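Under our numbering, the first residue of the sequence shown is numbered 56, with each subsequent residue one higher. Beta carbons: idealized from backbone N, C-alpha and C, even for Gly. Here the structure is a predicted model, which means the values were calculated and not measured. In what follows, a single structure is set out as structure tokens and then discussed.
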Amino acid sequence: MTAVSVVLGSASPARLRVLRAAGLDPRVIVSDVDEDAVLDTLHGAPPAEVVVALAGAKADAVVATILASDDHAIDTVVLTCDSMLLFDGELSGKPHTVDVARAQWRRMRGRSAELLTGHRVSRIRDSRVVGTAQASAATTIRFADIDDATVDAYAATGEPLAVAGAFTLDGLGGWFVEAIDGDPSSVIGIGLPTVRLLLADVGVDVTSLWR
56 MTAVSVVLGS ASPARLRVLR AAGLDPRVIV SDVDEDAVLD TLHGAPPAEV
106 VVALAGAKAD AVVATILASD DHAIDTVVLT CDSMLLFDGE LSGKPHTVDV
156 ARAQWRRMRG RSAELLTGHR VSRIRDSRVV GTAQASAATT IRFADIDDAT
206 VDAYAATGEP LAVAGAFTLD GLGGWFVEAI DGDPSSVIGI GLPTVRLLLA
256 DVGVDVTSLW R
């Protein structure tokens, strides 16, 4: 029986680390999706629907790349994700600038927010998509009530600029996360329990993917 190939449709080193630590060795194909353009089509949509739609847009792009390549006949599962922070009823993604990251931390310190991660699993076999499954995972984050100097120091490192919600759980930001209620792997960027269920939905047992 031919082994199923795994593709991670993300440039996130954190997601790749999570999958490798969990026994997978995926190939990385980064989508070229314009996330802001996708978000413009989703005004008013429920937050969970937004992150799932973003993951789906990335999946569509990566699947198209694979189907246009010499690997399109290989049995492959494509994993794509997108994370955003739901705080005070508003979704936020990557802050991109120190000023935005600093302002966001001043608002959310000492409070809780919900990190939403949308997931899509797509299976390609015999040169066509034979199955897709998608879901979101939500985890509540309680942030430490850090002072202005600590906020400034963290923002200045650059770490929060390129991550959803302006924080990490597995990096410097972990110093300032007091508690979580939910799946820690989804906070890092890809929820292992969620992906396991989605793989089953497309006919793949996750244990068959372990190295």
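Note down, in chain order, each residue of its chain lying with its Cβ closer than 8 Å to the Cβ of valine 73, except the 5 sequence neighbours on either side.
Counting from one through the sequence shown, the residue named residue 73 turns up at place 18. The answer, listed in chain order, is Ser240, Ile243, Gly244, Ile245 and Leu247.
Selected residue, minimal CA-CA separation from valine 232, among Leu146, Gln159, Arg266 and Arg197
If you number the sequence shown from 1, residue 232 lands on position 177. Answer by Cα proximity: Arg197.
Endpoints, the beta strand (DSSP E) within which arginine 72 is located
Taking the first residue of the sequence shown as 1, we reach residue 72 at position 17. Taken as a continuous stretch (DSSP letters only), arginine 72 belongs to no beta strand (DSSP E), being part of the alpha helix (DSSP H) at 68-76.
Exposed or buried, glycine 173, counting other C-beta atoms within 10 Å across all chains shown (16 or more means buried)?
In the sequence shown, counting from the first residue as 1, residue 173 sits at position 118. Classification for glycine 173: buried.
Valine 176 to valine 184, Cα distance in whole Å?
Translated into the one-based positions of the sequence shown, residue 176 becomes position 121. Translated into the one-based positions of the sequence shown, residue 184 becomes position 129. Their Cα atoms are separated by approximately 11 Å.
For a test of the three-state rule: what should DSSP assign to valine 37, helix, strand or coil?
Residue 37 cannot be examined here, being either before or after the span of the chain that is shown, 56 to 266.
First and last residue of the alpha helix (DSSP H) that includes valine 153?
The count along the sequence shown starts at 1 and reaches residue 153 at position 98. Here the alpha helix (DSSP H) through valine 153 covers 153-163.
For threonine 187, which residues in the same chain have their Cβ closer than 6 Å to its Cβ, ignoring the five residues on either side in sequence?
Taking the first residue of the sequence shown as 1, we reach residue 187 at position 132. Excluding sequence neighbours, threonine 187 sits near Ser177.
I want to see whether chain C comes within less than 7 Å of glycine 229, judged by CB atoms only; does it?
Given the protein chain composition of this structure (a single chain), no chain C is represented.
Could you check which residue in Arg251, Val88, Thr120 and Ala123 has the C-alpha nearest to that of serine 191?
As a working note, residue 191 is residue 136 in the sequence shown. Answer by Cα proximity: Arg251.
Looking only at its own chain, which residues have a Cβ that is under 6 Å from the Cβ of glycine 165, when we skip the five neighbours before and after it?
Your numbering for residue 165 matches position 110 in the sequence shown. The answer, listed in chain order, is Asp200.
From this set, Ser124, Val59 and Ala158, which residue's C-alpha is nearest alanine 221's C-alpha?
Counting from 1 along the sequence shown, the entry for residue 221 is found at position 166. Per the Cα distances, Ala158.
Assign arginine 162 to one of two classes, buried (16 or more other C-beta atoms within 10 Å of its C-beta) or exposed (fewer than that).
In the sequence shown, the residue the question calls residue 162 occupies position 107. Exposed, since its Cβ has fewer than 16 Cβ neighbours within 10 Å.
Should arginine 82 go down as buried or exposed, given a rule of 16 or more other Cβ atoms within 10 Å for buried?
In the sequence shown, the residue the question calls residue 82 occupies position 27. The residue in question, arginine 82, is exposed, as its Cβ has fewer than 16 Cβ neighbours within 10 Å.
With H, G and I counted as helix, E and B as strand and the rest as coil, what does DSSP make of aspartate 137?
Working through the sequence shown from its first residue, we reach residue 137 at position 82. Strand.
For alanine 108 and proline 101, what's the separation of their Cα atoms in angstroms?
Position 53 of the sequence shown holds residue 108. Position 46 of the sequence shown holds residue 101. C-alpha separation (whole angstroms): 11 Å.
Please report how far the alpha carbon of alanine 77 lies from the alpha carbon of aspartate 154, in whole angstroms.
Translated into the one-based positions of the sequence shown, residue 77 becomes position 22. Translated into the one-based positions of the sequence shown, residue 154 becomes position 99. Whole-angstrom Cα-Cα distance: 36 Å.
CB-CB length for valine 61 against leucine 264, believed under 8 Å:
In the sequence shown, residue 61 corresponds to position 6, counting from 1. In the sequence shown, residue 264 corresponds to position 209, counting from 1. Confirmed, Cβ separation roughly 6 Å.
Measure the alpha-carbon distance for glutamate 145 versus alanine 58 and round it to whole angstroms.
In the sequence shown, residue 145 corresponds to position 90, counting from 1. In the sequence shown, residue 58 corresponds to position 3, counting from 1. C-alpha separation (whole angstroms): 42 Å.
C-beta atoms of phenylalanine 142 and alanine 103 nearer than 7 Å
Residue mapping note: residue 142 aligns to position 87 of the sequence shown, counting from 1. Residue mapping note: residue 103 aligns to position 48 of the sequence shown, counting from 1. The answer is no: Cβ separation not under 7 Å.
Restricting to Cα atoms, I'd like to know which of Ala156, Met139, Asp130 and Leu170 is closest to valine 267.
The chain is shown from 56 up to 266; residue 267 falls before or after that span and cannot be answered.
If I'm right that glutamate 214 touches threonine 205 with Cβ under 8 Å, what's the distance once you round it to whole angstroms?
Along the sequence shown, one-based indexing puts residue 214 at 159. Along the sequence shown, one-based indexing puts residue 205 at 150. 13 Å between Cβ atoms; not a contact.
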